[in-house]
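Single-structure report; data block below.
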Amino acid sequence: MTRHLVEPATAGHEVLHTLMESRWSCRGFRPEPVPREVIAAILETARRAPSWCNTQPWHLHIAEADATNRFRAALAEHVGQAPAENPDIPFPEAYEGVYQERRRASGWQLYESVGIAKGDRIASARQMMRNFELFDAPHVAIVTTEAKLGTYGAVDCGVFVNSFLLAAHSHGIGTIPQAALASQAPFIREFFDIPEGRQVLLGISFGYPDVDHPINSYRTERQSSDEVVTWLER
Numbered sequence: 000m001t002r003h004l005v006e007p008a009t010a011g012h013e014v015l016h017t018l019m020e021s022r023w024s025c026r027g028f029r030p031e032p033v034p035r036e037v038i039a040a041i042l043e044t045a046r047r048a049p050s051w052c053n054t055q056p057w058h059l060h061i062a063e064a065d066a067t068n069r070f071r072a073a074l075a076e077h078v079g080q081a082p083a084e085n086p087d088i089p090f091p092e093a094y095e096g097v098y099q100e101r102r103r104a105s106g107w108q109l110y111e112s113v114g115i116a117k118g119d120r121i122a123s124a125r126q127m128m129r130n131f132e133l134f135d136a137p138h139v140a141i142v143t144t145e146a147k148l149g150t151y152g153a154v155d156c157g158v159f160v161n162s163f164l165l166a167a168h169s170h171g172i173g174t175i176p177q178a179a180l181a182s183q184a185p186f187i188r189e190f191f192d193i194p195e196g197r198q199v200l201l202g203i204s205f206g207y208p209d210v211d212h213p214i215n216s217y218r219t220e221r222q223s224s225d226e227v228v229t230w231l232e233r
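Residue numbers (numbering that gives the first Met the number 0): 0 to 233.
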């Protein structure tokens, strides 16, 4: 019988901490594609993500080569017609308090990195459109969940997405998870021929990062560990 023991912290802890500490959302990519075998290795690692009762509700539609360019062009043209947002899962109703503060801080970091001044609505709108151009990434993965599994199916997919992001980073691949793409869920469903009963959660644009692009120069802050926990001692 195989025994699975919990070992004390090992070198694996340092590797994981380094990956978590150094990963960032990449918004500038080099044009060369990621080899299929590298993508397969990323998926091989990410598929080990846990889920409720091992349901594994995630599924990916991955575009590469000409398919990515076709999708990028078609999506940008579609969004250019100013369609209404129509996500499968409702977006947040409002950002308030500390959540709004963090959102704004992140946004200003992004704008400053590419020289967009406060109040320049034209430039900020153009930067927002870069989401729908996939930031020039050579690949995009559309992540879907089983609608009948509800909120917890989406939670499980979130665990998988984080595993995918870290696995990609370990291979030197830049990623950016994009809820913005889910705002056009009907268009995405038709383009990728996604079956009914599957909900579009987000897209992940990925590829080799352009480390010299100024938009990749900043890093967002995180709460301290003390701020994310409430201890119950007795």
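All C-beta atoms, glycine included, are put in the ideal place defined by N, C-alpha and C.
| Asked | Found |
| --- | --- |
| Please work out which residues of its chain come closer than 6 Å, Cβ to Cβ, to Trp23, disregarding the five sequence neighbours upstream and downstream, and give them in chain order. | Arg218 |
| Hey, could you find the ends of the beta strand (DSSP E) Arg197 is sitting in? | Arg197 to Gly206 |
| Look at the alpha carbon of Val227 and the alpha carbon of Tyr98, and state the distance between them as a whole number of angstroms. | 14 Å |
| For Arg26, I'd like the list of residues in its chain whose CB is within less than 8 Å of its CB, leaving aside the five on either flank, ordered along the chain. | Leu109, Arg129, Phe134, Ile175, His212, Ile214 and Asn215 |
| How many angstroms separate the CA atom of Ser123 from the CA atom of Arg102? | 14 Å |
| Would you kindly work out how many angstroms separate the C-alpha atoms of Leu200 and Ala153, rounded to a whole number? | 7 Å |
| For the segment 166 to 180 against the segment 57 to 69, are there 3 or more C-beta pairs whose distance is under 8 Å? | no |
| If we call anything under 7 Å between Cβ atoms a contact, is Arg188 one with Glu132? | no |
| Pick helix, strand or coil for Pro213, following the three-state DSSP scheme. | helix |
| Ignoring anything shorter than 4 residues or poking outside the segment 9 to 73, list the alpha helix (DSSP H) runs there in chain order. | 10 to 21 and 35 to 45 |
| Flag this pair as touching only if the segment 38 to 52 and the segment 138 to 157 have three or more C-beta atom pairs under 8 Å; answer yes or no. | yes |
| For Gln177, which option in Ser162, Ile141 and Asn85 has the closest C-alpha, if you only look at C-alpha atoms? | Ile141 |
| Consult DSSP for Gly173 and reduce its assignment to one of helix, strand or coil. | strand |
| Quick check: what's the CA-CA separation for Phe279 versus Val210? | Shown here, the chain extends from 0 to 233; a query on residue 279 therefore has no answer. |
| Identify which residue in Ala40, His77 and Trp107 has its Cα closest to the Cα of Leu164. | Ala40 |
| Take Gln126 as the anchor and find which of Pro137, Ser223 and Glu111 has the nearest alpha-carbon. | Glu111 |
| In terms of residue numbering, what span does the beta strand (DSSP E) encompassing Glu145 cover? | His138 to Glu145 |
| With DSSP collapsed to three states, give me the class of Gly114. | coil |
| For Pro86, tell me which candidate among Phe186, Glu220 and Glu232 has the shortest Cα-Cα distance. | Phe186 |
| If you reduce the DSSP assignment to three classes, tell me which class Arg188 lands in. | helix |
| Using DSSP with H/G/I as helix, E/B as strand and the rest coil, what is Glu100? | helix |
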